[in-house]
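Numbering (the working numbering), first residue to last: 228 to 491.
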């Protein structure tokens, strides 16, 4: 199959932003976003959250390592100051931002502890560092049980791509290890009402297929092999049927954490 395009990824990032909308409404006031002058979005991607942030702060900076994603971000948040760069070595002086945040980003970092230390470094004393969402696929719940295979495949694919599928449970320790103060951690709840948005469902399956394709290429088993393709089609049909009948449960624990930079 063809890899996801930047536009496909933007749809995915927008979906993730919808998942955390209520959490952001809770955390932003606690972190003092209303009084912040300069904010940094680390791993801003295509700017899925940048437009929202740009409406709330005078100066929004965004950083990402993917040039194609940043091109889209320029259109989605034209007033943001966007930088191509590596979160492990943030190209900013110490203490320049009031708030530094990330969203579904740390699981992709080679050294998330270093990234958090960098986020703390560029945040002013008393300022806030937030990780708004980091999933933990080790706690994934799938029902009917025949669909458990999907979670196992996706978790293995994330590992093969260099991600940490258990990042969620590590957040609290990482924040304390970065020297942040008054650390608060928690997890998003799950609510299911009726059938899903089918456009979002198709987007989710496109990501699953892309993940599986990555795994198959690394392992040497082509995704387009007839046996694997047949199994995949059966699982997709079962997933849709389970949603339509009201049986489907899909829950991936997604953790957040935030803390303040010491004033000393």
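Here a beta-carbon is modelled for each residue, glycine too, at the ideal position from N, C-alpha and C. As the structure is a computational prediction, the values presented were derived from the model and not from experiment.
The alpha helix (DSSP H) enclosing residue i, as first and last residue numbers
i, result
"residue 475", "Careful: residue 475 lies outside any alpha helix (DSSP H) and carries neither H nor E."
"residue 500", "Examination of residue 500 is not possible in this model, given that the chain is present from 228 through 491 alone."
"residue 238", "233 to 246"
"residue 374", "Residue 374 -> no alpha helix (DSSP H), and no H or E assigned at all."
"residue 299", "294 to 303"
For residue i: DSSP bridge partner residues
i, result
"residue 361", "482"
"residue 284", "According to DSSP, which records beta bridges pairwise, residue 284 is partnered with nothing at all."
"residue 326", "266, 355"
"residue 414", "482"
"residue 408", "487"
"residue 350", "324"
"residue 308", "288"
"residue 434", "Beta-bridge pairing links residue 434 to no other residue."
"residue 369", "477"
Cβ neighbours of residue i in the same chain (closer than 7 Å, five flanking residues each side left out)
i, result
"residue 399", "410, 412, 484"
"residue 432", "463"
"residue 386", "392"
"residue 366", "480"
"residue 278", "303, 304"
"residue 423", "470"
Cβ-based neighbour list, residue i, same chain, cut-off 8 Å, excluding 5 preceding and 5 following
i, result
"residue 345", "314, 315, 316, 317"
"residue 476", "368, 369, 370, 419"
"residue 341", "315"
"residue 356", "326, 327, 328, 343, 346, 347, 350, 402, 405, 407, 485, 486, 487, 488"
"residue 467", "428"
"residue 417", "478"
"residue 234", "299"
Outcome for residue i when other beta-carbon atoms lying within 10 angstroms are tallied against a minimum of 16
i, result
"residue 404", "exposed"
"residue 425", "exposed"
"residue 249", "exposed"
"residue 338", "exposed"
"residue 311", "exposed"
"residue 491", "exposed"
"residue 255", "buried"
"residue 332", "buried"
"residue 289", "buried"
"residue 458", "exposed"
"residue 421", "exposed"
"residue 320", "exposed"
"residue 378", "buried"
"residue 307", "buried"
"residue 266", "buried"
"residue 397", "buried"
Other residues of its chain near residue i: CB distance less than 6 Å, five sequence neighbours each side excluded
i, result
"residue 274", "300, 303, 304"
"residue 244", "275, 276"
"residue 231", "437"
"residue 380", "439"
"residue 414", "480, 482"
"residue 263", "284, 325, 326"
"residue 237", "273, 299"
"residue 394", "333, 334, 361"
"residue 390", "334, 335"
Residue i CB to nearest heavy atom of the ligand SAH below 7 Å
i, result
"residue 357", "This structure lacks the ligand SAH, and indeed carries no ligand of any kind."
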